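Numbering (my numbering), first residue to last: 17 to 893.
For glycine and all other residues, C-beta sits at the position ideal for the given N, C-alpha and C.
Since the model is a prediction, treat every value here as computed from it, not as a measurement.
A quick write-up on the structure given underneath.
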């Protein structure tokens, strides 16, 4: 029967090939990942784009097939699900077939009909299911017999035998804490800091690895090294993670599922037959550092034949939570290697390494020295006047309870052999590393290498201009963003490492214009759902061990629950994040409404770290109340919840009216006291009455000009000010602010040597002075919006229809590109005198509306189809 089915499939494929057209579906992804292993999604999302460079290229219909046999799927037949021909230009669909089995590899392909109704098919892609439910685990949660205060990290091992030909092998690892997996003496994979940080007592993640090639005939061994991570926080700091309700000695659960060529399978699992011991990793803290004593190494500990007679037994542990789900996100990796820009000998025992770039990551030490020599690797952003490392700007919240726990300082004890050390369960924020030995030592550039480490998101945006400052600002913003992406967005990689909600949503557009980050944000939104209290309130750091539910965790921060899923919808055209968070947004908006008499909220942190002027907290918090209610109403309309739509549209209108009644002086067009933030925030978020927009925007432009085109804002104003200006007829003013290079401005940081964004406008500030922060990062997204004019259309999200509103100001040469789900968008120009040559690229299956500025060709509007377009435009003087 299978041969008959394949014959029919190949015959159908041959007929299809005769009608093939120059349009091919490519870039197939499942759950926004390429060929994912171990997914738990019951209805995985399947997406693609079109490789079709023809003018007006589009998709008229699609057909998706899913099956267990790759050859059949390649021939156009799926034994699991066939969507049938569906007349739609959609390129993201949800699997709608029978229930998926666990531990199963599924193949899928898509056929499309192009603009001429010609048919063509993709290659075959695959996804593989994981546990698909906690009941499919066979391993037990185990740990060693030590308590939470024991410092050395536990090593675990087990030997097993393979006596038949292996078809495939998958390792499934869940951990409370962090882990490294080793098989037959080698670390498996290149992930760092697995599993991702979650609210451990409510949800735990597991990771799947293909270890087929790691197994060998006969004797095998598996080893696991556990780290504390955020689960067993032994270091003291102001956020009380050492008192988290989940805190315990790290533990893990492990299944190694081996499929043999004869059709049988076997599971090697965690149980009481494992052995455990301490080792050279004598201390590890995600927040501070690691201590490594190379003299305690046990070579071969994860290899078969190792003598573990001195090792002890393990113990059962209760699962940290009842929800153990797949880690469906891009992993953290060492992404970029940095060699020292310079090495300076400070004295006989101290050397200063300058890597030339502020980053989040680790350093690798390679050294042979006298046994017992102890080195301290001090990682810093700044230097003291005497040239030594300076931690004073980033250790301010560290509360050491142990004199041996040193902030951002690894401690390595040499063995007398060729030693190599790189932290396994820690990362730091740094540019400089001072290596201090307890005895004279000779070091060179070859002894230390740095690695920038972050969630390995794919770059999807690029800015290139004839203005060097713009290019450096864009690069510094991206470096700051990546430094603060560790499975969740953080505020800084050194002093805190916290998932501050405000920093997260203030940077979301910059993030999505530049990187394919949806899987990271979906994971973080799940953390939001875990943390939300039944009444709707959210903490302002997520995840949290309990800190952050105070009176300041208001709308200006915790609006992440609405703003981030809405932006994922706009950028990806994917409704699932909004669906997953809909009830959470609703509970949050209802909570705020109950405690906001008169529809005004004074609950929040306000315009954090302003230059000088203080802005009304009630005004800005109430604007975010309006934003959340508006998003909720739009989501309700999207999902057909008509009663909710009516209610929250009315609520949004009442909030808007209350803000304008109290804070807008209609005679003058001034909000509140008229600070830059108080004018720009209502403008950007659509609170200003339509008839007053020009007047309020004019007041903002004058306010900025009076300040010499300098900023006088905090984080909320920094998010709004450039957009408020460029979207309301003052793009030239916005550009002058963006490229200002004297204090206070973004450019002031760059001309003073910054390679990432800072936490304070003032370089001499005495608090809020991290040199690698993302909360002022809107400028990196504004280049795409305010200059390139590339914007998603809420009516056709995912850039199925593009709103192009370029502003031909600033550099004579400019190019912005963004790889949207449907393909690459380009908005570029060359300006010579009053003539602009504007080049646009619209990807296949997409369209655009080009709105020219009022002073360019009379503000004409152009409808553009897929393909490349060049327009010669005249700019009025």
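Nearest to residue i (by Cα), restricted to the options the options
i, options, result
"residue 624", "573, 660 and 586", "573"
"residue 305", "395, 217, 269 and 347", "395"
"residue 163", "133, 653 and 248", "248"
"residue 421", "307, 452 and 471", "307"
"residue 367", "449, 80 and 443", "449"
"residue 139", "109, 854, 88 and 189", "88"
"residue 165", "301, 746, 141 and 280", "301"
"residue 271", "260, 298, 239 and 724", "239"
"residue 509", "474, 629, 469 and 584", "469"
"residue 157", "699, 190 and 127", "190"
"residue 592", "44, 43 and 61", "61"
"residue 734", "627, 782 and 800", "627"
Limits of the beta strand (DSSP E) - the one that residue i falls within
i, result
"residue 677", "First-last for residue 677: 658-679, but that is the alpha helix (DSSP H), not the beta strand (DSSP E)."
"residue 834", "829-836"
"residue 317", "Per DSSP, residue 317 belongs to no beta strand (DSSP E) and is neither H nor E."
"residue 78", "75-83"
"residue 953", "Summary: the structure shown does not reach residue 953, with the chain confined to residues 17 through 893, and so no result is reported for it."
"residue 839", "839-848"
"residue 358", "358-363"
Terminal residues of the alpha helix (DSSP H) in which residue i lies
i, result
"residue 593", "592-610"
"residue 700", "692-700"
"residue 650", "633-654"
"residue 754", "747-754"
"residue 543", "534-547"
"residue 735", "731-742"
Alpha-carbon to alpha-carbon, residue j and residue i
i, j, result
"residue 491", "residue 858", "25 Å"
"residue 495", "residue 66", "31 Å"
"residue 418", "residue 834", "49 Å"
"residue 820", "residue 746", "17 Å"
"residue 549", "residue 565", "10 Å"
"residue 610", "residue 201", "59 Å"
"residue 876", "residue 716", "26 Å"
"residue 861", "residue 105", "7 Å"
"residue 718", "residue 742", "14 Å"
"residue 32", "residue 656", "Low local confidence applies: a pLDDT of 42 at residue 32 is under 50, so the model's placement there is unreliable, and no value is given."
"residue 886", "residue 531", "27 Å"
"residue 426", "residue 193", "20 Å"
"residue 640", "residue 556", "15 Å"
"residue 457", "residue 429", "13 Å"
"residue 607", "residue 534", "27 Å"
"residue 759", "residue 38", "54 Å"
"residue 208", "residue 511", "20 Å"
"residue 136", "residue 40", "6 Å"
"residue 881", "residue 703", "33 Å"
Spatial neighbours of residue i in its chain, beta-carbon cut-off 8 Å, leaving aside the 5 residues before and after
i, result
"residue 770", "374, 492 and 787"
"residue 256", "561, 562 and 563"
"residue 460", "359"
"residue 178", "231, 232, 233, 234, 236 and 274"
"residue 660", "602, 648, 649 and 652"
"residue 27", "Unreliable placement is indicated for residue 27, whose pLDDT of 44 sits below 50; no coordinate value is reported for it."
"residue 467", "350, 351, 352, 353, 354, 377, 378, 379, 380 and 438"
Close Cβ partners of residue i (< 6 Å) along its chain, the five nearest in sequence each way excluded
i, result
"residue 71", "883"
"residue 5", "The structure shown does not extend to residue 5, since the chain is modelled only from 17 through 893, so no value can be given for it."
"residue 17", "Note that residue 17 scores 44 on pLDDT, short of 50, meaning its location in the model is unreliable; the coordinates nonetheless yield the value given after this. Hits under 6 Å: none found."
"residue 513", "506"
"residue 878", "866"
Own chain partners of residue i with C-beta closer than 7 Å, once the 5 adjacent residues on each side are dropped
i, result
"residue 576", "517, 520, 521 and 544"
"residue 356", "369, 370, 371, 461 and 464"
"residue 589", "108, 813, 814, 816 and 837"
"residue 228", "182, 184 and 185"
"residue 471", "346, 348, 501, 502, 503 and 536"
"residue 686", "715"
"residue 527", "497 and 533"
Contact with chain D by residue i, beta-carbon distance below 8 Å
i, result
"residue 562", "No chain D appears in the structure shown, which is made up of a single protein chain."
Subject >> Inside the stretch 94-155 only - alpha helix (DSSP H) runs reaching at least 4 residues >> reply: none
Original post:
What are the complete alpha helix (DSSP H) segments, minimum 4 residues, inside the stretch 549-590?
Top reply: 571-574 and 576-588
**OP:** Kindly provide the ranges of any alpha helix (DSSP H) runs that are 4 or more residues long and lie completely inside the stretch 434-501, ordered along the chain.
**Re:** The stretch 434-501 contains these whole alpha helix (DSSP H) runs: 484-499.
Original post:
What are the start and end residues of each continuous beta strand (DSSP E) run of 3 or more residues lying completely inside the stretch 308-351, in chain order?
Top reply: 340-342
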